[in-house]
Amino acid sequence: MTVVDKIAPEGNEAGARTPPRPTLRHRLSRWDVKVSPYLYIAPFFLVFGIVGLFPLLYTAYVSLFSWEAGDDAPDFIGLDNFKELFADTQFWNALENTVSIFLLSSVPQLIIAVLLAALLSARLRGATGWRVGVLLPYAASLVALGIIFANLFGPKYGLVNGLLQTLGLDPVDWQAGRFSSHAAIAIMVNWRWTGYNALIVLAAMQAIPKELHEAALIDGAGTARRFFSITLPLLKPTLVFVTITSTIGGLQIFTEPKLFDAMPGSNNGGSSNQFQTVTLYLYQTAFENYELGYASAIAWVLFVIIVLIALVNFFLTGRLAAVKKK
Amino acid sequence: MTKPRRSTYIVLTIFVLGSLFPFYWSFLVASRDSGMLTERVPPFLPGGNFFANAARVFDTVPFWKALANSLLVSGTVTLTTVLFSSLAGFAFAKLRFRGRNGLFVFIVITLAVPTQLGIIPLFMAMSEFGWAGGLQAVIVPNLVTAFGVFWMRQYTVDAVPYELIEAARVDGCSMIRIFWNVCLPAVRPAAAILAMFTFMTSWNDFLWPLVVLDAGNPTVQLALEKLQSGYYVDYSLVLAGTTLATIPILIVFLLLGRQIVAGIMQGAVKG
């Protein structure tokens with residue numbers, strides 16, 4: 001570590017010439033050592049200041065005003081936006097939708113990802129090919145995906161309903177129902193991310209020492225027993241990581257519900273907001289209704305909720321994995 | 001490490017077919033006319049209308065411009081993110097300076113801040129700078145990321161031996177030359193993975209460009225959304241657009257699939 005602090009001995013690139021002015025060089029070099037690290041990390045802090053810290057604080061500030069877009073002298077109203085927000089049924093509805101879609105996507109996704117990883121960890125022929133195949137949806141554009149799934153789940157001519165009818169079942173109006181729309185959006189999310197998460201879990205699985213499995217095998221533990229007693233507990237850090245990243249992403253979900261609307265371009269999240277998420281509501285409030293103060297209050301509440309749920313997740317995942325270990 | 005049974009292959013095959021199906025479906029619709037959607041039993045093979053539908057996409061939205069915009073945005077963002085993240089990663093991993101640990105912890109904490117939620121003040125700021133509507137409004141906020149710095153720092157710690165840096169300093173190298181000639185070559189694999197991630201994320205970004213860009217100056221994602229948001233949705237047209245937008249990235253993905261998979265798996269172990 002100290003190496004870098006040492007000042008290079010004077011001069012001599014090729015060891016041939018002696019430098020003309022060693023002192024200047026010496027000083028320049030010392031200055032270089034001192035200042036360079038700060039220069040190298042500066043871009044991050046500049047950008048974070050502009051796009052991370054400033055917006056976070058300024059959002060808090062704006063949320064205290066009745067601030068309409070283009071308003072030069074917005075009124076300070078203190079916490080009124082928050083009071084209004086907590087009494088706003090549309091906000092609670094949006095929050096419920098968000099949590100519902102989030103649970104419907106992340107829970108099955110994690111379970112399937114772990115099982116899929118277990119399948120992929122076998123000695124497959126053409127292992128890389130399978131992995132690439134599983135990861136394919138990750139390459140899809142999110143918007144393209146939203147449009148494709150809106151089409152597949154279309155009420156009249158959608159393929160999914162066509163299949164249901166072929167099987168003799170009733171068609172479902174996927175966009176009209178609350179639960180059905182959540183399920184359809186969750187399927188969209190799962191389709192894109194399950195393979196990706198499976199690979200992350202697979203990597204962790206392969207890092208588990210083989211001796212553990214061999215020892216358990218000798219003790220007579222079957223496949224299921226070894227999976228629950230060895231594999232799962234040792235996957236804990238990875239599962240925590242995957243859960244937290246999918247929480248942060250899931251609670252901000254925007255693109256999928258926006259594109260799923262039967263009225264394209266709408267921000268309502270369905271005719272009775274049945275699948276409007278918080279970010280969609282935030283977008284509608286800010287950029288369709290131009291109530292920037294109120295929208296900022298929404299942003300801050302969502303931020304706090306995300307942090308809280310991430311923490312809860314962290315503890316829950318830890319607890320679950322700890323129980324399995326016994 | 002068990003030997004796979006036949007059922008393993010069957011399940012995986014079903015899964016991969018499921019992964020492929022929406023792509024195939026969108027191409028199927030894109031290559032026919034919208035009438036196919038009203039048929040009770042949809043056809044299984046593509047028709048011959050794809051190029052006609054694609055041509056209509058070019059008439060409806062400025063697709064080429066959108067493609068150029070997306071390439072410019074994602075390309076620039078990828079380049080700067082990799083460069084700045086590698087520089088910062090080098091500093092945090094190998095250089096000693098006051099406040100190093102504190103600043104790095106700070107960066108790790110910022111990973112948890114969802115920047116999406118700051119769109120309102122960010123939009124106000126961009127309007128103030130007169131950047132709203134311009135591509136710089138999409139590029140500048142993404143010049144470097146906390147994830148990038150974190151990722152490059154983790155890799156640099158192991159990949160660049162101190163002895164090498166010392167040797168370079170003895171030879172009279174400046175810091176920036178050490179970075180360029182010693183560090184950067186050693187961290188190339190991690191930089192490549194970061195580049196891939198950054199490009200994909202930037203390419204797929206939707207909310208922020210939707211907020212800050214004009215309809216006449218879209219990225220690919222915005223152009224696609226525009227295609228769909230007419231009063232009447234012409235699915236052959238719209239899905240021709242999604243196919244056009246997906247094909248290039250799908251090709252890249254299939255060509256680099258092996259590295260991408262390795263990168264994601266490595267990221268999991270390191271992160």
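Protein chains in written order, with full-length UniProt numbering: chain A, 1 to 326; chain B, 1 to 271. Ideal Cβ placement from N, Cα and C applies to all residues, glycine included. Just so it is clear, the structure is predicted and the values come from calculations on it, not from any experiment.
- The Cβ of B:M196 sits no closer than 8 angstroms to any Cβ of chain A.
- Taking a 10 Å sphere around the C-beta of B:S70, we find 16 or more other C-beta atoms and assign the residue as buried.
- Short of 8 angstroms from the beta carbon of A:L64, and not among the five residues preceding or following it, lie these beta carbons of its own chain, in chain order: F76, I77, G78, L79, N81 and G293.
- Judged by DSSP in its simplified three-state form, A:F91 adopts helix.
- For B:S19, the enclosing alpha helix (DSSP H) has its first and last residue at R6 to A30.
- The beta-carbon separation of A:V307 and B:A112, rounded to 7 angstroms, stays under the 8 angstroms limit for a contact.
- Listed along chain A, no residue sits closer than 7 angstroms to B:F50 by beta-carbon distance, the nearest being about 15 angstroms off.
- Each of A:S141, A:I41, A:L28 and A:G129 was checked against the Cα of B:V82, and the nearest Cα belongs to A:I41.
- Taking a cut-off of 8 angstroms on C-beta distances, the segment 157–175 of chain B does not touch the segment 82–101 of chain A, as fewer than three cross pairs fall below it.
- Non-local C-beta neighbours of B:F253 in its own chain, meaning closer than 8 angstroms and more than five positions away in sequence, comprise I260, ordered along the chain.
- Pairing B:V149 with A:V51, the inter-Cα distance amounts to about 16 angstroms.
- Note that the C-beta distance between B:I264 and A:L136 is not below 8 angstroms.
- Here the C-alpha atom of B:N101 lies approximately 36 angstroms from the C-alpha atom of B:S127.
- Leaving aside the five residues that flank A:G269 on each side, the residues in its chain whose CB is nearer than 6 angstroms to its CB run, in chain order, P257, F275, Q276 and L280.
- Secondary structure of A:S66 (DSSP, three-state): strand.
- With respect to chain B, the C-beta atom of A:F254 has a partner C-beta closer than 8 angstroms.
- For the segment 41–55 of chain A, the beta-carbon criterion of a distance under 9 angstroms to any beta-carbon of chain B is satisfied by I41, A42, P43, F44, F45, L46, V47, F48, I50, V51, G52, L53, F54 and P55.
- When the five nearest sequence neighbours on each side are left out, the beta carbons in the same chain lying within less than 6 angstroms of the beta carbon of A:L302 are those of V278, in order along the chain.
- Against chain B, the beta carbon of A:V99 has no neighbour under 8 angstroms; the closest one sits roughly 16 angstroms away.
- In the structure shown, A:D75 adopts extended strand secondary structure according to DSSP, grouped into three states.
- By the CB criterion at 8 angstroms, B:V140 and B:L213 fall outside the cutoff.
- For the segment 133–157 of chain B, the set of positions with a beta-carbon nearer than 9 angstroms to some beta-carbon of chain A reads V140, P141, N142, L143, V144, T145, A146, G148 and V149 in chain order.
- A:S66 sits close to A:P74, with the two beta carbons spaced by under 8 angstroms.
- What A:V143 touches in chain B, judged by beta-carbon distance under 7 angstroms, is F206, Q221, L224 and E225, going in chain order.
- Around the C-beta of A:P209, fewer than 16 other C-beta atoms lie within 10 Å, and the residue is accordingly described as exposed.
- Where A:K210 is concerned, the enclosing alpha helix (DSSP H) starts and stops at K210 to I218.
- Against chain A, the beta carbon of B:Q116 has neighbours under 8 angstroms at Q252, F254 and T279, listed in chain order.
- Rounded to whole angstroms, the gap between the alpha carbons of A:A94 and A:L53 is 26 angstroms.
- The beta carbon of B:F206 is closer than 7 angstroms to those of Q221 in its chain, skipping five residues each way along the sequence.
- Legend: CB atoms of the segment 199–224 of chain A lying less than 7 angstroms from CB atoms of chain B belong to residues L199, I200, L202, A203, A204, A207 and K210.
- Identification of chain B residues near A:Y290 by a Cβ-Cβ cut-off of 9 angstroms yields none; the smallest Cβ-Cβ distance measures about 11 angstroms.
- About 7 angstroms separates the CB atoms of B:A240 and B:F50; that is less than 8 angstroms, so the two are in contact.
- By the Cβ test, the segment 136–149 of chain A is in contact with the segment 14–25 of chain B, since at least three Cβ pairs between them sit closer than 8 angstroms.
- Taking 8 angstroms as the CB threshold, B:Y235 lines the interface with chain A.
- Excluding sequence positions up to five before and after A:F153, its CB lies within less than 6 angstroms of the CB of V160, W174 and A184, all in the same chain and listed in chain order.
- Among the CB atoms of chain B, none fall inside 8 angstroms of the CB of A:G270.
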